[in-house]
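To start, the structure under review is shown below, and the notes come after it.
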Amino acid sequence: MVFELHVWGPAFGLPSIDAECNAAIAFLNLAVARSQWVLIVAHDTSPSPTHNFPALRDGSTCIGGFNQIVQYLSQHPSGPHNLDSNLTSNQKADTLAFSTFIETTGRPLLDLSLYTSSQNYSTTTAPAYTALLPWNLNYTIPPRHRDAARARTAHLGLSGLDVDSDLGTSLGGEFEAAKKASGLPSDSHANRPSILNLGRQTGLQGLLSSPVYAARFKLDALANEFLTPLSDLLGRKQYLLGGDAPSTLDSLAFGYLALMLYPPVPQTWLKEAIEARYLRLEKYIRRMRTALLGNDEDVSPSKVFALASWPRYDAALEHARQGLGLALPWAPPRTTSLAATAFTVARDIVGSFPAVSTLIRGDPVRRDRQSEDIATIPTSALPSPFIVNTFFAFSGALLSAIAGMAVHHARSPRQGDLVFELPRRRPQQTFAQAGDFLGVLTDQIRAERDWNERWQREGSGGDGGLGAEEAMGVVDEVVVEGVGER
Numbered sequence: 001m002v003f004e005l006h007v008w009g010p011a012f013g014l015p016s017i018d019a020e021c022n023a024a025i026a027f028l029n030l031a032v033a034r035s036q037w038v039l040i041v042a043h044d045t046s047p048s049p050t051h052n053f054p055a056l057r058d059g060s061t062c063i064g065g066f067n068q069i070v071q072y073l074s075q076h077p078s079g080p081h082n083l084d085s086n087l088t089s090n091q092k093a094d095t096l097a098f099s100t101f102i103e104t105t106g107r108p109l110l111d112l113s114l115y116t117s118s119q120n121y122s123t124t125t126a127p128a129y130t131a132l133l134p135w136n137l138n139y140t141i142p143p144r145h146r147d148a149a150r151a152r153t154a155h156l157g158l159s160g161l162d163v164d165s166d167l168g169t170s171l172g173g174e175f176e177a178a179k180k181a182s183g184l185p186s187d188s189h190a191n192r193p194s195i196l197n198l199g200r201q202t203g204l205q206g207l208l209s210s211p212v213y214a215a216r217f218k219l220d221a222l223a224n225e226f227l228t229p230l231s232d233l234l235g236r237k238q239y240l241l242g243g244d245a246p247s248t249l250d251s252l253a254f255g256y257l258a259l260m261l262y263p264p265v266p267q268t269w270l271k272e273a274i275e276a277r278y279l280r281l282e283k284y285i286r287r288m289r290t291a292l293l294g295n296d297e298d299v300s301p302s303k304v305f306a307l308a309s310w311p312r313y314d315a316a317l318e319h320a321r322q323g324l325g326l327a328l329p330w331a332p333p334r335t336t337s338l339a340a341t342a343f344t345v346a347r348d349i350v351g352s353f354p355a356v357s358t359l360i361r362g363d364p365v366r367r368d369r370q371s372e373d374i375a376t377i378p379t380s381a382l383p384s385p386f387i388v389n390t391f392f393a394f395s396g397a398l399l400s401a402i403a404g405m406a407v408h409h410a411r412s413p414r415q416g417d418l419v420f421e422l423p424r425r426r427p428q429q430t431f432a433q434a435g436d437f438l439g440v441l442t443d444q445i446r447a448e449r450d451w452n453e454r455w456q457r458e459g460s461g462g463d464g465g466l467g468a469e470e471a472m473g474v475v476d477e478v479v480v481e482g483v484g485e486r
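When the letters of the sequence shown are read in order and numbered with UniProt numbering, they come out as residues 1 to 486.
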């Protein structure tokens, strides 16, 4: 079975635009025979357990992440594919310590250089992604990577500083422009006033307190914090841990250092730090690149994507790689269906929500039941891929239904104005009105009762009885008295 290494595509003359992808490519190129693996440019991260690249596919088993890939290959029955078998216990301890150091300290530097800096991102990083991705994914993948980089570097306190000032492409250009802005003359001026003018925002004090130099000093300090330990470890050796062959640590270090040296960014503070103060590291990076690629020819996306027009059997692909000058075992990517593309787009859109992004990260290894002879790598306690895929399928169906309703409404608009009529509210009778009504009724009943009693008491006929007019007067008098009592 041939291993398939899926990575983000080439950029800046390197095999990949991602540091861990370059590290994984270097490791497989050194540890695995050329006939046992192929290198595939991909952009759909859904098959990867970590939903990111690099991802190694071995039949139905998929492994995500550089460290997990190295551990998997070192235990594989076809190997072991291990670059560290001859290391001593102290060297293995150094490998573990410096690997953690490179990942935790080198990643923020690349984030600042390629993503956080708006000038470097807009002129170098974003165009590199444009050459790698389909048009629809350029709206989701590069912004998502940049947002992640900003989040990882927020604690450094450089977001509010003028890191992206257009003062020049080199330290010399920035220095001359900053001197001019601070009131100090440029070297081209014939008449120079004294540099000891230390007034507020002028002279040397204004130069050193300008935002671009405040940021530059901090960036140089971060670069020195990362590069100095690696330079001390390398010393005068050919590789970081000595010996005649590179180790796993060399593969990881090359993945990060190469992206600090080769990208043609406008703000070259990281490249200048390597070339000015760490010459041995610069030679080491170039030596590793030559050993990895086999020649000095840059890897370009157009050459890699040209393999898609060739037949997919090994002899034809090898002939095509030789004709294109490709040293690595590149292979054309698999063609994706329209449904798979739509699902990928929906997944990227839904996955951009912070609450959902935590569910996307899965186990670093996906395996079938036939591969239990390989030692198990610790897995995560997050929801299973089935639950996550079901959630995204439901979300995609819901979005499709909403889009269908919108299209139907657009094609069949309602004629005329839409009028809403509210029912007329009936007047409500209060308790006070009910009390007045009962009071009048009670007075009427009382008046009739008094009139009957008086009629019976006065007599039933003759001169002693009341006449009709007198009787009516009595009734009126009683009613008026009853109302007055109320």
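We treat Cβ as the ideally placed atom computed from N, Cα and C, and that holds for glycine. Values in this document were obtained by computation on a predicted structure and should not be read as measured data.
Does DSSP put Ile17 in a helix, a strand or coil? coil
Taking the alpha-carbon of Ile274 as reference, which of Thr290, Asp314, Ala245, Glu225 has the nearest alpha-carbon? Residue Glu225 is the option with its Cα nearest to Ile274.
Select from Lys218, Ala151, Ala253, Ser85 the residue whose C-alpha is nearest the C-alpha of Ile25. Ala253
Can you give me the Cβ contacts of Trp8 inside the same chain, cut-off strictly under 6 Å, excluding the 5 residues immediately before and after it? Ser16, Ile17, Asp18, Cys21, Phe53
Does Phe254 come out as helix, strand or coil in the three-state DSSP assignment? helix
Please classify Arg454: does DSSP put it in a helix, a strand, or coil? helix
Is the distance from the Cβ of Pro80 to the Cβ of Ser74 below 8 Å? yes
Could you check whether Ile141 and His76 sit closer than 8 Å to each other, using their CB atoms as the reference points? Contact flag unset, no.
Do Met260 and Leu110 have their C-beta atoms closer together than 8 Å? yes
As a quick exercise: from Gly65, Arg57, Val2, Pro10, pick the residue whose alpha carbon is nearest that of Thr36. Reading off the sequence, residue 36 comes out as Gln, not Thr. Of Gly65, Arg57, Val2, Pro10, the residue nearest in Cα terms is Val2.
Here's the rule I'm using: 16 or more other beta-carbon atoms within 10 Å means buried, otherwise exposed. How should Val407 be labelled? Counting Cβ neighbours within 10 Å, Val407 comes out exposed, since fewer than 16 surround it.
C-alpha distance - Ala320 paired with Trp310, whole-angstrom precision: 7 Å
From Gly235, Trp330, Leu326, Phe101, residue whose alpha carbon lies closest to that of Tyr313: Closest by alpha carbon: Trp330.
Under a Cβ-count criterion, where at least 16 other Cβ atoms within 10 Å of its own Cβ denotes burial, should Trp135 be classed as buried or exposed? exposed
With C-beta atoms as the reference, is Leu281 less than 8 Å away from Leu317? Their beta carbons are not under 8 Å apart, which means Leu281 does not touch Leu317 by this criterion.
Backbone secondary structure at His6 - three-state DSSP: strand
Return helix, strand or coil for Leu167, following the three-state DSSP convention. Note that Leu167 scores 42 on pLDDT, short of 50, meaning its location in the model is unreliable; the coordinates nonetheless yield the value given after this. It is coil, neither helix nor strand.
Using CA atoms only, rank isn't needed, just tell me which of Val299, Leu39, Lys218 is closest to Leu156. Lys218
Bounding residues of the beta strand (DSSP E) (the contiguous stretch that carries Arg146): Here Arg146 belongs to no beta strand (DSSP E); instead the alpha helix (DSSP H) covers 141–153.
Apply the 10 Å Cβ neighbour rule to Pro378 and answer buried if 16 or more other Cβ atoms are within range, or exposed otherwise. Here the model assigns Pro378 a pLDDT of 43, short of 50, so the residue's position is not dependable, and the following value carries that caveat. Exposed, because fewer than 16 other Cβ atoms sit within 10 Å of the Cβ of Pro378.
For Pro10 and Trp269, what's the separation of their Cα atoms in angstroms? 23 Å
Leaving out five residues on either side along the sequence, give the residues of the same chain with a beta carbon under 7 Å from the beta carbon of Ser371. The predicted position of Ser371 is uncertain, since its pLDDT is 40 and thus under 50; a value taken from the coordinates is nonetheless stated next. If we look at Ser371 and ignore the five residues flanking it on each side, its Cβ neighbours are Thr61.
Straight-line CA distance for Pro33 to Ala245? The question names Pro, but residue 33 in the sequence shown is Ala. Going by the C-alpha atoms only, they are around 15 Å apart.
Evaluate Tyr115 with the Cβ neighbour count: other Cβ atoms within 10 Å of its Cβ, from every protein chain shown; 16 or more gives buried, anything less gives exposed. buried
Span of the alpha helix (DSSP H) around Asp316: Looking at the sequence shown, residue 316 is not Asp but Ala. Segment 314–324, the alpha helix (DSSP H) holding Ala316.
Below 8 Å on the Cβ atoms is my contact criterion, and I expect Gln119 with Pro266 to pass it. Report the Cβ-Cβ distance as a whole number of Å. 5 Å
Same chain, Cβ closer than 7 Å to Ala149, neighbours up to 5 away in sequence not counted: Short of 7 Å from the beta carbon of Ala149, and not among the five residues preceding or following it, lie these beta carbons of its own chain, in chain order: Asp111, Tyr115, Thr116.
If you draw a straight line from the alpha carbon of Pro108 to that of Gly404, how long is it in whole angstroms? If you take the alpha carbons of Pro108 and Gly404, they lie about 44 Å apart.
CB Ala23 to CB Ser251, shorter than 8 Å? Judged by beta-carbon spacing, Ser251 lies within the 8 Å limit of Ala23, meaning their Cβ atoms are closer than that value.
Applying the 10 Å Cβ sphere with the 16-neighbour rule, what's the burial state of Leu14? buried
Going by other Cβ atoms of all chains shown within 10 Å of its Cβ, with 16 needed for buried, is Arg367 buried or exposed? With a pLDDT of only 49 at Arg367, under the threshold of 50, the placement of this residue in the model should not be trusted; the figure read from the coordinates follows. That one is buried.
Strictly by DSSP, which residues pair up with Ala55? His6, Gly64
Around the Cβ of Ala127, are there at least 16 other Cβ atoms within 10 angstroms (buried) or fewer (exposed)? For clarity, residue 127 is Pro in the given sequence; the question names Ala instead. Pro127 is exposed by the Cβ-count criterion.
Measure the alpha-carbon distance for Leu56 versus Val70 and round it to whole angstroms. 10 Å
How would you label Tyr139, buried or exposed, when you count the other beta carbons within 10 angstroms and need 16 or more for buried? exposed
What separation, rounded to the nearest whole angstrom, lies between the Cα atoms of Leu133 and Tyr239? 35 Å
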